[in-house]
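Chemist: Below is one structure. I have some questions about it.
Protein chains: 2
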Amino acid sequence: MKVAIQGELGSFSHEAALRMVPSARILPCAQSREVFDHLDEGNVHGAVIPIENTLAGSVTVHADLLLERTVFIQREFHLRIVHNLIAAPGVKKANLRRAFSHPVALDQCREFFVQHPAIQATPFYDTAGGVKHVIAQNLNDSAGIAGRHAALVYHGRILAAGIEDDKRNFTRFFLLRKRPRILPGANKTSIAFAVKNVPGALYDALRVFAGRRISLSKIESRPMRGHPWQYVFFADFLRGQDKLARAALLELANVAEMVKVLGIYPAA
Amino acid sequence: MKVAIQGELGSFSHEAALRMVPSARILPCAQSREVFDHLDEGNVHGAVIPIENTLAGSVTVHADLLLERTVFIQREFHLRIVHNLIAAPGVKKANLRRAFSHPVALDQCREFFVQHPAIQATPFYDTAGGVKHVIAQNLNDSAGIAGRHAALVYHGRILAAGIEDDKRNFTRFFLLRKRPRILPGANKTSIAFAVKNVPGALYDALRVFAGRRISLSKIESRPMRGHPWQYVFFADFLRGQDKLARAALLELANVAEMVKVLGIYPAA
Chain B
228 MKVAIQGELG
238 SFSHEAALRM
248 VPSARILPCA
258 QSREVFDHLD
268 EGNVHGAVIP
278 IENTLAGSVT
288 VHADLLLERT
298 VFIQREFHLR
308 IVHNLIAAPG
318 VKKANLRRAF
328 SHPVALDQCR
338 EFFVQHPAIQ
348 ATPFYDTAGG
358 VKHVIAQNLN
368 DSAGIAGRHA
378 ALVYHGRILA
388 AGIEDDKRNF
398 TRFFLLRKRP
408 RILPGANKTS
418 IAFAVKNVPG
428 ALYDALRVFA
438 GRRISLSKIE
448 SRPMRGHPWQ
458 YVFFADFLRG
468 QDKLARAALL
478 ELANVAEMVK
488 VLGIYPAA
Chain C
228 MKVAIQGELG
238 SFSHEAALRM
248 VPSARILPCA
258 QSREVFDHLD
268 EGNVHGAVIP
278 IENTLAGSVT
288 VHADLLLERT
298 VFIQREFHLR
308 IVHNLIAAPG
318 VKKANLRRAF
328 SHPVALDQCR
338 EFFVQHPAIQ
348 ATPFYDTAGG
358 VKHVIAQNLN
368 DSAGIAGRHA
378 ALVYHGRILA
388 AGIEDDKRNF
398 TRFFLLRKRP
408 RILPGANKTS
418 IAFAVKNVPG
428 ALYDALRVFA
438 GRRISLSKIE
448 SRPMRGHPWQ
458 YVFFADFLRG
468 QDKLARAALL
478 ELANVAEMVK
488 VLGIYPAA
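Protein chains in written order, with our numbering: chain B, 228 to 495; chain C, 228 to 495.
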């Protein structure tokens, strides 16, 4: 199975993809949009994207693309995020002046940079991309900050392991397919919906779930692109494709202005 | 009045600060945390921070800090975001190879980079910081992407104006004070609250507002730091400090696990 990921080989997306599809052949993409394009054009069988991090919050560009494109969430996976300082073989930690990584990862290793004032946090487009860069260029004063999978892929050495400030750092990934296919044991549904801009509209929408004792595990609003100060809601609820969930979605379609089922899948 | 901002002089935060407090003396801070520290320690009278962009979504680090720290929102302001390509005097657009800016700003100028493949989008910690850098270093192959205020502050030349993809690009800023002071005409309230992790808990919380026909202009969930997969809700409603709003907040305090009033201020 060929799977597109957002990020380089060795990234957390790569690791999450292999955890969900162990035999996957990986197609790395620099841009999120490319990942969805490849899936749309049938160049890959699936795509793996990060959707939410317990510290940094939602990956908003992916929420927007889930709403825009015709894709279906088939699986979710929670990956524990461990950041490591990785450099070319032979490089010494004492000689480091720069550490390249994605801005979110740099922000999650603040304490490390306080402890190592000689090393400058340097934003890079990707975590594993930073490791690839310092090793390809054989830099002796620079390292990358990434998951240990990046050290494996690029033959780097881990100079410091687990340098993230907060160990309660998890990223939720989705495996996307082009067409809906609901796996056995699917007990969680992700939807997006919009309500009229009137008092109580969201309350009326939530009644659909509360009235049926359906548990919302997440609800989040996102600005609607091109409609300043209007919002789309992304919600997850803990039911699969059963009669009760179907009735809830039918009723929601009546009270909301728009409803889209993004996926039905087994809860991680 | 002395006001701390997150970002450099010439940044959008600087512009927003002057629009809310025309006579402000500005203290620029690299880190969001510093802004709150200065306010807390009484080094400044106020602080101006971006909280939400209509395209990029919430500035999550600021939502977290509003919850953590003892501050009070006194004003909000909506700034129209216009991105400009700014370089040192004498630099020609045809010679440019790099454009420095904040990753969010670069992402909002994608079309410009498609039209100008010779110019590489290069992440920098701040929009105005990129302009400061190219002018201080007198780079002849690099520009910054920032608001026109940055050209003014650093004596740069605007080589291309309004290069953002989407003109419906606004950022909402808050003016924060250490102590609560509610301005005349205050008709909007921002709160944070958490509900029990049981079905219908959010619905019960929203009943407090819907039952009183109080309009929620925004509701957004954020992961709770240190509690993976639990959420805090940030909500705005269109009432000031009147009897109805007070009754709603009292009732919310009964049904929610935590309620914090972040500010009461005139709607922009």
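Glycine included, C-beta positions come from ideal geometry on N, C-alpha and C.
1) Who are the near neighbours of R325 of chain C in its chain, counting only those whose CB is closer than 6 Å to its CB and skipping five residues on each side?
2) Got a sec: is the Cβ-Cβ distance from A437 of chain C to anything in chain B below 8 Å?
3) With a threshold of 8 Å on Cβ separation, who are the neighbours of Q335 of chain C within its own chain once the five nearest residues in sequence on each side are excluded?
4) If you draw a straight line from the C-alpha of T354 of chain C to the C-alpha of H376 of chain C, how long is it?
5) Whole-angstrom Cβ separation of F461 of chain C and R473 of chain C, contact assumed at under 8 Å?
6) Run the CB neighbour count on S250 of chain C, radius 10 Å, all protein chains shown included, and call it buried at 16 or more, exposed below.
7) Of all Cβ atoms in chain B, is any one closer than 8 Å to the Cβ of G284 of chain C?
8) According to DSSP, is G357 of chain B part of a helix, a strand, or is it coil?
9) Does any C-beta atom of chain C lie closer than 8 Å to the C-beta of G374 of chain B?
10) Mind checking whether A243 of chain B and V262 of chain B have CB atoms under 8 Å apart?
11) Answer with yes or no whether the minimum CB distance from A467 of chain B to chain C is below 8 Å.
12) Any idea if L410 of chain C is buried or exposed, counting beta-carbon neighbours within 10 angstroms, 16 or more meaning buried?
13) Within the 8 Å Cβ cut-off, does F397 of chain B reach chain C?
14) At a Cβ threshold of 8 Å, is S448 of chain B touching chain C?
15) Provide the residue span of the beta strand (DSSP E) that contains L306 of chain C, from first to last.
16) Could you tell me whether the Cβ atoms of M247 of chain C and F304 of chain C are closer together than 8 Å?
17) G427 of chain C CB to nearest chain B CB: under 8 Å?
18) Could you tell me the boundaries of the alpha helix (DSSP H) in which L342 of chain B lies?
19) Is any beta-carbon of chain B found at less than 8 Å from that of C471 of chain C?
20) Entirely within the stretch 382–408 of chain C and at least 3 residues each: give me those beta strand (DSSP E) ranges in chain order.
21) Under 6 Å Cβ to Cβ from G389 of chain B, same chain only, skipping five residues before and after it: list those, please.
22) Taking the alpha-carbon of M451 of chain B as reference, which of B:G234, B:F420 and B:L433 has the nearest alpha-carbon?
23) If we ignore side chains and look at the alpha-carbon of each, how far apart do K359 of chain B and C256 of chain B end up?
24) What are the boundary residues of the alpha helix (DSSP H) that includes F239 of chain B?
25) DSSP on Y430 of chain C, reduced to helix/strand/coil?
26) Who are the neighbours of S442 of chain C on chain B, taking C-beta pairs under 7 Å?
27) Going by the CB atoms, is the gap between A387 of chain B and L312 of chain B shorter than 8 Å?
28) Counting contacts by CB-CB distance shorter than 8 Å, is T281 of chain B in contact with chain C?
29) Name, in chain order, the residues that DSSP records as bridge partners for M485 of chain B.
30) Between F436 of chain B and the rest of its own chain, which residues show a CB-CB distance below 7 Å, the 5 nearest in sequence each way excluded?
31) Since L471 of chain B and I441 of chain B should fall inside the 8 Å C-beta cutoff, what is the C-beta to C-beta distance between them, to a whole number of angstroms?
32) Quick one: list the residues of chain C neighbouring I433 of chain B, beta-carbon separation under 7 Å, in chain order.
Modeler: So, to answer that:
1) Stepping through the second sequence from its first residue, residue 325 of chain C is reached at position 98. Excluding residues within five positions, the ones whose Cβ falls inside 6 Å are Q347, T349 and S369.
2) Here residue 437 of chain C is taken as the residue at index 210 of the second sequence, counted from 1. By this cut-off, A437 of chain C is an interface position.
3) Here the question's residue 335 of chain C lines up with position 108 in the second sequence. Cβ neighbours of Q335 of chain C beyond the five flanking positions: L282, A283, I308, H310, E391, D392, D393 and N396.
4) Locating residue 354 of chain C in the second sequence gives position 127, counting from the first residue. Locating residue 376 of chain C in the second sequence gives position 149, counting from the first residue. Going from the Cα of T354 of chain C to the Cα of H376 of chain C covers about 11 Å.
5) If you number the second sequence from 1, residue 461 of chain C lands on position 234. If you number the second sequence from 1, residue 473 of chain C lands on position 246. In fact, because the Cβ distance is near 20 Å, the residues do not count as touching under 8 Å.
6) One-based indexing of the second sequence puts residue 250 of chain C at position 23. S250 of chain C comes out exposed.
7) Mapped onto the second sequence, residue 284 of chain C falls at position 57. Yes - at least one Cβ of chain B is within 8 Å of the one on G284 of chain C.
8) For the purposes of this step, residue 357 of chain B is identified with residue 130 of the first sequence, where counting begins at 1. Three-state DSSP puts G357 of chain B in a helix.
9) Against the first sequence, residue 374 of chain B aligns to sequence position 147. Chain C contact via Cβ: absent.
10) Within the first sequence, residue 243 of chain B is the residue found at index 16, counting from 1. Within the first sequence, residue 262 of chain B is the residue found at index 35, counting from 1. No, these two residues do not count as a Cβ contact at 8 Å.
11) Counting from 1 along the first sequence, the entry for residue 467 of chain B is found at position 240. First, the residue type needs correcting, since residue 467 of chain B is Gly and not Ala in the sequence shown. It does not; no Cβ of chain C falls within 8 Å.
12) Here residue 410 of chain C refers to the residue found at position 183 when the second sequence is read from its first residue. Counting Cβ neighbours within 10 Å, L410 of chain C comes out exposed, since fewer than 16 surround it.
13) The sequence position of residue 397 of chain B within the first sequence is 170, counting from 1. Closer than 8 Å to some Cβ of chain C, the Cβ of F397 of chain B qualifies, so yes.
14) The residue labelled residue 448 of chain B in the question sits at position 221 within the first sequence. Chain C contact via Cβ: present.
15) By 1-based counting over the second sequence, the position of residue 306 of chain C is 79. First-last of the beta strand (DSSP E) with L306 of chain C: F299 to R307.
16) Residue numbering aside, residue 247 of chain C sits at position 20 when the second sequence is read from its first letter. Residue numbering aside, residue 304 of chain C sits at position 77 when the second sequence is read from its first letter. Cβ atoms of M247 of chain C and F304 of chain C: closer than 8 Å.
17) The residue you call residue 427 of chain C lines up with position 200 of the second sequence. It does; some Cβ of chain B falls within 8 Å.
18) As a first step, residue 342 of chain B must be located in the first sequence, where it is residue number 115. The identity of residue 342 of chain B in the sequence shown is Gln, whereas the question assumes Leu. First-last of the alpha helix (DSSP H) with Q342 of chain B: R337 to Q342.
19) In the second sequence, counting from the first residue as 1, residue 471 of chain C sits at position 244. The question names Cys, yet the displayed sequence has Leu at residue 471 of chain C. No, its Cβ sits nowhere closer than 8 Å to a Cβ of chain B.
20) 384–387 and 397–404
21) On the first sequence, residue 389 of chain B is found 162 positions in, with the first residue counted as 1. So the list reads V309, once near-sequence residues are dropped.
22) Reading the first sequence from its first residue, position 224 is the one you call residue 451 of chain B. It is B:F420 whose Cα lies nearest to the Cα of M451 of chain B.
23) Here residue 359 of chain B is taken as the residue at index 132 of the first sequence, counted from 1. Here residue 256 of chain B is taken as the residue at index 29 of the first sequence, counted from 1. About 15 Å.
24) Against the first sequence, residue 239 of chain B aligns to sequence position 12. Unbroken alpha helix (DSSP H) run through F239 of chain B: F239 to M247.
25) Within the second sequence, numbered from 1, the residue matching residue 430 of chain C stands at position 203. Here Y430 of chain C sits in helix by DSSP.
26) Here the question's residue 442 of chain C lines up with position 215 in the second sequence. Near S442 of chain C (Cβ distances below 7 Å), the residues of chain B are P426.
27) Numbered from 1 along the first sequence, position 85 holds the residue referred to as residue 312 of chain B. Numbered from 1 along the first sequence, position 160 holds the residue referred to as residue 387 of chain B. Yes, the pair counts as a contact, with Cβ atoms nearer than the cut-off.
28) On the first sequence, residue 281 of chain B is found 54 positions in, with the first residue counted as 1. Judged by the 8 Å Cβ criterion, T281 of chain B is in contact with chain C.
29) As a first step, residue 485 of chain B must be located in the first sequence, where it is residue number 258. Looking at the DSSP assignment, M485 of chain B forms a beta bridge with B:A421.
30) Mapped onto the first sequence, residue 436 of chain B falls at position 209. L443, F464 and A475.
31) One-based indexing of the first sequence puts residue 471 of chain B at position 244. One-based indexing of the first sequence puts residue 441 of chain B at position 214. Going by Cβ atoms, the distance from L471 of chain B to I441 of chain B rounds to 7 Å, so yes, they are a contact pair.
32) As a first step, residue 433 of chain B must be located in the first sequence, where it is residue number 206. Checking the sequence, you will find Leu at residue 433 of chain B rather than Ile. The contacting residues are L429, Y430 and L433.
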